[in-house]
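*Asks:* Protein chains in written order, with the UniProt record's numbering: chain U, 1 to 664; chain Y, 1 to 245. All C-beta atoms, glycine included, are put in the ideal place defined by N, C-alpha and C.
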Amino acid sequence: MDETDNAERNAAGPMNGAAASPVPSPKISPKKPDAVEQQDFVNPTLNIIQTLSRKTSTSALSTRTTLPSREGTPPPLPPRPMNLAFLDSRPSTSHSVAPSRPQLVSKATTQLSYTNTQTHNDLRDDSPSSGASRARNFFGLNVRSTASDADDSASVKSYAPTTIEVGGGDSESTLAGIMDDHEKSVLQSLGHKFSDQEAESLFPNDPNFESAFDREFDEIEGMASDGSNEEQIMLQWRAKLKHFLILSSAGKPIYSRHGDDQLVTNYIGVIQTIISFYQSQNDTLKGFTAGDVRFVISSRGPLNLVAISRLPESDAQLRGQLDALYMQILSTLTLPSMERMFAARANYDLRRPLQGTETLLSALSDGFTRGSPSTLLSALECLKLRKTHRQAINKTLLSTRSENLLYGLIVASGKLVSVVRPKKHSLHPGDLHLIFNMLFEAGSVKAGGGENWIPLCLPGFNNTGYLYMYVSFLNLEDPTTPVAERPKSREGGGAADEVAILLISPNKEGFFELRAMRDQLVDQLQKNSSISRIREAVKAGRPRCTDIVPGSPLRHFLYKSRGNVQFTMPAWEPYFESPLERRRLMSLYNTLHTQLHAKPTSLKIHHQTSATNISLAWSTPLFELYAVAPVATSRAALAQSANKIVQWVRREEERVFIIGGAVF
Amino acid sequence: MADSGASQPKPSSSVKLVLLGEAAVGKSSLVMRFVNNDFQENKEPTIGAAFLTQKCNLPSRTIKFEIWDTAGQERFASLAPMYYRNAQAALVVYDITKPSSLTKAQHWVAELHRQASPGIVIALVGNKYDLATENDSADVNDADAVPAAEGENPEEEEESTDARRVPTKTAKGYADEEGLLFFETSAKTGQNVAEVFTAIANAIPETSLKGPRGVGGQTNLGRQEDARVNLGSARPEGAKEGCAC
Ligand SMILES: Nc1nc2c(ncn2[C@@H]2O[C@H](COP(=O)(O)OP(=O)(O)OP(=O)(O)O)[C@@H](O)[C@H]2O)c(=O)[nH]1
Ligand SMILES: [Mg+2]
Numbered sequence: 001m002d003e004t005d006n007a008e009r010n011a012a013g014p015m016n017g018a019a020a021s022p023v024p025s026p027k028i029s030p031k032k033p034d035a036v037e038q039q040d041f042v043n044p045t046l047n048i049i050q051t052l053s054r055k056t057s058t059s060a061l062s063t064r065t066t067l068p069s070r071e072g073t074p075p076p077l078p079p080r081p082m083n084l085a086f087l088d089s090r091p092s093t094s095h096s097v098a099p100s101r102p103q104l105v106s107k108a109t110t111q112l113s114y115t116n117t118q119t120h121n122d123l124r125d126d127s128p129s130s131g132a133s134r135a136r137n138f139f140g141l142n143v144r145s146t147a148s149d150a151d152d153s154a155s156v157k158s159y160a161p162t163t164i165e166v167g168g169g170d171s172e173s174t175l176a177g178i179m180d181d182h183e184k185s186v187l188q189s190l191g192h193k194f195s196d197q198e199a200e201s202l203f204p205n206d207p208n209f210e211s212a213f214d215r216e217f218d219e220i221e222g223m224a225s226d227g228s229n230e231e232q233i234m235l236q237w238r239a240k241l242k243h244f245l246i247l248s249s250a251g252k253p254i255y256s257r258h259g260d261d262q263l264v265t266n267y268i269g270v271i272q273t274i275i276s277f278y279q280s281q282n283d284t285l286k287g288f289t290a291g292d293v294r295f296v297i298s299s300r301g302p303l304n305l306v307a308i309s310r311l312p313e314s315d316a317q318l319r320g321q322l323d324a325l326y327m328q329i330l331s332t333l334t335l336p337s338m339e340r341m342f343a344a345r346a347n348y349d350l351r352r353p354l355q356g357t358e359t360l361l362s363a364l365s366d367g368f369t370r371g372s373p374s375t376l377l378s379a380l381e382c383l384k385l386r387k388t389h390r391q392a393i394n395k396t397l398l399s400t401r402s403e404n405l406l407y408g409l410i411v412a413s414g415k416l417v418s419v420v421r422p423k424k425h426s427l428h429p430g431d432l433h434l435i436f437n438m439l440f441e442a443g444s445v446k447a448g449g450g451e452n453w454i455p456l457c458l459p460g461f462n463n464t465g466y467l468y469m470y471v472s473f474l475n476l477e478d479p480t481t482p483v484a485e486r487p488k489s490r491e492g493g494g495a496a497d498e499v500a501i502l503l504i505s506p507n508k509e510g511f512f513e514l515r516a517m518r519d520q521l522v523d524q525l526q527k528n529s530s531i532s533r534i535r536e537a538v539k540a541g542r543p544r545c546t547d548i549v550p551g552s553p554l555r556h557f558l559y560k561s562r563g564n565v566q567f568t569m570p571a572w573e574p575y576f577e578s579p580l581e582r583r584r585l586m587s588l589y590n591t592l593h594t595q596l597h598a599k600p601t602s603l604k605i606h607h608q609t610s611a612t613n614i615s616l617a618w619s620t621p622l623f624e625l626y627a628v629a630p631v632a633t634s635r636a637a638l639a640q641s642a643n644k645i646v647q648w649v650r651r652e653e654e655r656v657f658i659i660g661g662a663v664f
Numbered sequence: 001m002a003d004s005g006a007s008q009p010k011p012s013s014s015v016k017l018v019l020l021g022e023a024a025v026g027k028s029s030l031v032m033r034f035v036n037n038d039f040q041e042n043k044e045p046t047i048g049a050a051f052l053t054q055k056c057n058l059p060s061r062t063i064k065f066e067i068w069d070t071a072g073q074e075r076f077a078s079l080a081p082m083y084y085r086n087a088q089a090a091l092v093v094y095d096i097t098k099p100s101s102l103t104k105a106q107h108w109v110a111e112l113h114r115q116a117s118p119g120i121v122i123a124l125v126g127n128k129y130d131l132a133t134e135n136d137s138a139d140v141n142d143a144d145a146v147p148a149a150e151g152e153n154p155e156e157e158e159e160s161t162d163a164r165r166v167p168t169k170t171a172k173g174y175a176d177e178e179g180l181l182f183f184e185t186s187a188k189t190g191q192n193v194a195e196v197f198t199a200i201a202n203a204i205p206e207t208s209l210k211g212p213r214g215v216g217g218q219t220n221l222g223r224q225e226d227a228r229v230n231l232g233s234a235r236p237e238g239a240k241e242g243c244a245c
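#1: S444 (chain U) CB to nearest chain Y CB: under 7 Å?
#2: Specify which residues have a beta carbon nearer than 5 Å to any heavy atom of ligand 2, listing them in chain order.
#3: P455 (chain U) versus chain Y: which residues are under 8 Å apart at the beta carbon?
#4: Return the chain-ordered ranges of every beta strand (DSSP E) run that is complete within the region 560-633 of chain U and spans a minimum of 3 residues.
#5: What are the complete beta strand (DSSP E) segments, minimum 3 residues, inside the region 357-437 of chain U?
#6: Report whether the distance from the Cβ of A24 (chain Y) to the nearest heavy atom of ligand 1 is below 6 Å.
#7: Could you please tell me which residues of the region 26-46 of chain Y, in chain order, have their CB closer than 9 Å to any CB of chain U?
#8: With a threshold of 7 Å between beta carbons, is N88 (chain Y) in contact with chain U?
#9: Do the region 528-537 of chain U and the region 389-408 of chain U make contact, defined as three or more Cβ pairs closer than 8 Å?
#10: Please specify which runs of the alpha helix (DSSP H), each continuous and at least 4 residues long, are wholly inside the region 35-97 of chain Y, giving them in chain order.
#11: Would you say the beta carbon of L405 (chain U) is closer than 6 Å to some non-hydrogen atom of ligand 1?
#12: Quick one: grab the DSSP three-state call for S489 (chain U).
#13: Does chain B have any CB closer than 7 Å to the CB of L91 (chain Y)?
#14: Considering only residues of the same chain and omitting the five flanking positions on each side of V105 (chain U), which have a CB-CB separation below 6 Å?
#15: Excluding the 5 residues flanking G26 (chain Y) on each side, which residues of the same chain have their C-beta closer than 7 Å to its C-beta?
#16: State yes or no: is the C-beta of A110 (chain Y) nearer than 6 Å to some heavy atom of ligand 1?
#17: Would you check if the distance between the CB atom of L416 (chain U) and the CB atom of L380 (chain U) is smaller than 7 Å?
#18: Between L19 (chain Y) and chain U, is there a C-beta pair that is closer than 7 Å?
#19: Hey, out of U:P630, U:L397, U:W648, U:I246, whose CA is closest to M517 (chain U)'s CA?
#20: Just to check my reading of the structure: V522 (chain U) and V411 (chain U) have Cβ atoms closer than 8 Å, yes? What is that Cβ distance to the nearest angstrom?
#21: Below 7 Å CB to CB, which residues in the same chain sit around F197 (chain Y) once its five sequence neighbours on both sides are set aside?
#22: Under the DSSP definition of a beta bridge, which residues are partnered with H556 (chain U)?
#23: Name, please, each residue of chain Y whose Cβ falls closer than 8 Å to the Cβ of M438 (chain U).
#24: Grab me the residues of A662 (chain U)'s own chain with a C-beta within less than 6 Å of its C-beta, minus the 5 sequence neighbours each way, in chain order.
#25: Could you give the first and the last residue of the continuous beta strand (DSSP E) run that contains N127 (chain Y)?
#26: Would you kindly work out how many angstroms separate the C-alpha atoms of Y468 (chain U) and D206 (chain U), rounded to a whole number?
#27: Among all the DSSP beta bridges, which residues are the ones paired with F277 (chain U)?
#28: For chain Y, find out if any of its Cβ atoms is closer than 7 Å to the Cβ of E441 (chain U); answer yes or no.
#29: Spell out whether any CB of chain Y is found under 7 Å from the CB atom of P353 (chain U).
#30: Applying the criterion that 16 or more other CB atoms from any shown protein chain within 10 Å of the CB defines a buried residue, is K384 (chain U) buried or exposed?
#31: Give me, in chain order, the residues of the same chain whose beta-carbon lies closer than 7 Å to that of F213 (chain U); leave out the 5 immediate sequence neighbours on both sides.
#32: Residues of chain Y with CB closer than 8 Å to the CB of N452 (chain U), please, in chain order.
#33: Could you list which residues in chain Y have their beta carbon closer than 7 Å to that of G356 (chain U), in chain order?
#34: Using DSSP with H/G/I as helix, E/B as strand and the rest coil, what is S331 (chain U)?
#35: I'd like to know if T359 (chain U) contacts chain Y, where contact means its C-beta is closer than 7 Å to some C-beta of that chain.
#36: Tell me which residues share the same chain as L474 (chain U) and place their Cβ nearer than 6 Å to its Cβ, disregarding the 5 neighbours each side in the sequence.
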């Protein structure tokens, strides 16, 4: 985990160029594309097209060459594509001893002492111009019908200037005890009750959103042969909160999360028409808003990827999700072979070679729709372990490392336990996300039992060729028993069983070599008690906020260590166990994240209060912290809690993060 | 799953077995039935290949199958030789409700005859027998086989309204021509699944069997097999004792 390595990768990572390089955006004001005449879908689209040229032009400002800062340029208007997609992040296992990497010492980070006094206006400015409703209603999709006046004014009020004074360089103590309770009293005067907070959700009721989310993952029924249910199907399709579409630049459908070809064809046609219109003007369409729906388009070589979202996500966040889908496709095909397919025939039907990967694409998509801290933060989560325990595991990995091993990983319940890797090759968080998705979300590998030998391309590592991954799920209770012979019923054992050994090699025929390594590895891990330590850590799960800071009013937080490209968070329980509550929490985090990243200026601390919660986003060169508490919490208390979290992480840093890792 | 040696140690040998066949015909389901005695509706496609082991007790010896369950999707086809190259047995699977899958199976058989070890024992397996409702017999291959499932009703096969699209006769005729073992199975009900593996175990020429270390202890997928025995086509008849599953 050497520092230089990471810095280099970050500055000129293989994927960075592609992700960040802006497309020159001429100032053509697009006229109505005359080809587009497809009923009601198009009309809202056309309305917003007027505003597009402005957006595309601003986004072109974010050149990496001129501005090394992640935060980028002066305040543009709407959300810009930023470099927060995990394509741009540093490798997960990276570790910086000192926060001195050039890209972090950017303008923004030198301005710690600036006070953010413009949040109200900023928020407004920042929302997509035709989608102001999105900004006002973070938790729902239907502002007009659900937000009460009180809610509305309350949340607007909450963007009033704050009185934080950020002291010099001492970022750690800057927050404590300076905030007033202005917001709270405003809310109280509006008649909100602050009693029985404990029982209450952090989020206002929003029946429309709830029912939409409820049905979000339901299959859309098939079209009847006589087309009698067409209207109903269309309604179902449109009710989805989120769509992902992938099409070739020739307009051929490649993937759609919802609906079959027949259903999607019309939409694909419209989108294709719009995209080509811009292309014919030498412009690149990056996104537009229609009603309360945001469209974001990412053109990657022969592919156009489209995200359509009613959730409060920024363009950059959606783009990060599209990047992940694109990486999944590369992971299946490799870039050169995909390009060859299209070079032979621009009209090529990519669905054939991608057959069977729909489940992977859908697992990714649904992960985004449910809300994924890892994707939001472009960072990984590690299993919390004592430093010495992790070191013992690292040493075992190193000592059993077989000749052709490239990466070796131990993963427990979706969290990284340990990594062994060559000095010159970091692990890319985006690649790891794909692997985790395949193993823990899509389920095809795990369900099969046995050991697996999986060819895959890790595009962040090298998008031109395949690697081969040995996968073995361990039975933690009895690691010597090969899982193949484990009775199936044990799968009900849940998370504790989800420990996987992943050994990756460039050698196509390396299965038995890596299998032998696994046997040795597991044997030694058992002898040196590492297995039982992993088991205990898995069982312990994530701590609750109140375990971390007794009496803390915080309900949840996300802490991302920038240097390590890792994050840590408390348990979802008890407040966010349900998918719905989790989604709402993630939506809040999305919004906070957008606030923190959309403003290239001085925003280091952002506060937000709604009728039901109070939250904070805080950025320093070392970390990003997002935290949320019930609205009755004072700002001072929230700030103090945030500080406590930072102190806790500092204390536990070598437990919650993998620092160093095993490098050979 | 109780294959603990109820008897005294018998000679035990490993057999490398590979499953081939079009996507979604039920290869993984057959393996899961054989290894875990379990079945899953809507199983997801295999990615790459899965490696599993399972023992099969014959009266004279114990066979430890080392099974490569390969992915049927087209994009993995080029990896197949790596798995069948040293295999002593192959299970080529098609779906009796899908004629194209038999064609694909025939391609695999041809490829195995061309490129695999000459002595390889091949079983042609028509899966999803449960979808063929009332009228045909599953164990046409083995007149003296003991039916695994109840409700077996051996009769001549005839046209019916069920989902079957590949007549037993067609597939059986082809298997005979090529000297293949032939079974119709259902991974869902378990019908004939153990029988396939037992028949394979019995059909492996004694001389090509190795000790447990012989095949299992290899360190490289591509290792060249040394003594290769060619006994011509496999012997479809054999003892009927069940595998331990
Ligand atoms: N009715 C019925 N369905 C079956 C049977 N065997 C498998 N299936 C179903 O067929 C589908 C495909 O089964 P798999 O075992 O995944 O097929 P596969 O050959 O391994 O497919 P690939 O891994 O993609 O090559 C799954 O939905 C199974 O539940 C069977 O005997 N009867
Ligand atoms: Mg399979």
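*Replies:* By the coordinates alone:
#1: yes
#2: Y:K27, Y:S28, Y:T46
#3: G48, F76, L79
#4: 566-568, 605-609, 613-619, 623-630
#5: 407-412, 415-421
#6: yes
#7: S28, V31, M32, V35, N36, N37, D38, Q40, K43, E44, P45, T46
#8: Reading the sequence as shown, one finds Gln at residue 88 (chain Y) and not Asn. It does not; no Cβ of chain U falls within 7 Å.
#9: yes
#10: 80-84
#11: no
#12: With a pLDDT of 35 at S489 (chain U), under the threshold of 50, the predicted position of this residue should be treated as unreliable, and no value is reported.
#13: In the structure shown, chain B does not exist; the protein chains are U and Y.
#14: Because the pLDDT at V105 (chain U) is just 32, under 50, the model does not fix this residue reliably, and the value given afterwards should be weighed accordingly. Same-chain partners within the cutoff: there are none.
#15: V93, D95, N127, K128, A187
#16: no
#17: yes
#18: no
#19: U:L397
#20: Their Cβ separation, rounded to whole angstroms, is 14 Å, which puts V522 (chain U) and V411 (chain U) out of contact at 8 Å.
#21: F34, C56, F65, C243
#22: U:V628
#23: I47
#24: N394, L397, L398, V420
#25: 121-127
#26: 47 Å
#27: Answer is none; F277 (chain U) lacks a bridge partner.
#28: no
#29: yes
#30: buried
#31: L241, L580, R583
#32: I47, G48, A49, A50, F51
#33: A23, P45, Q73
#34: helix
#35: yes
#36: V499
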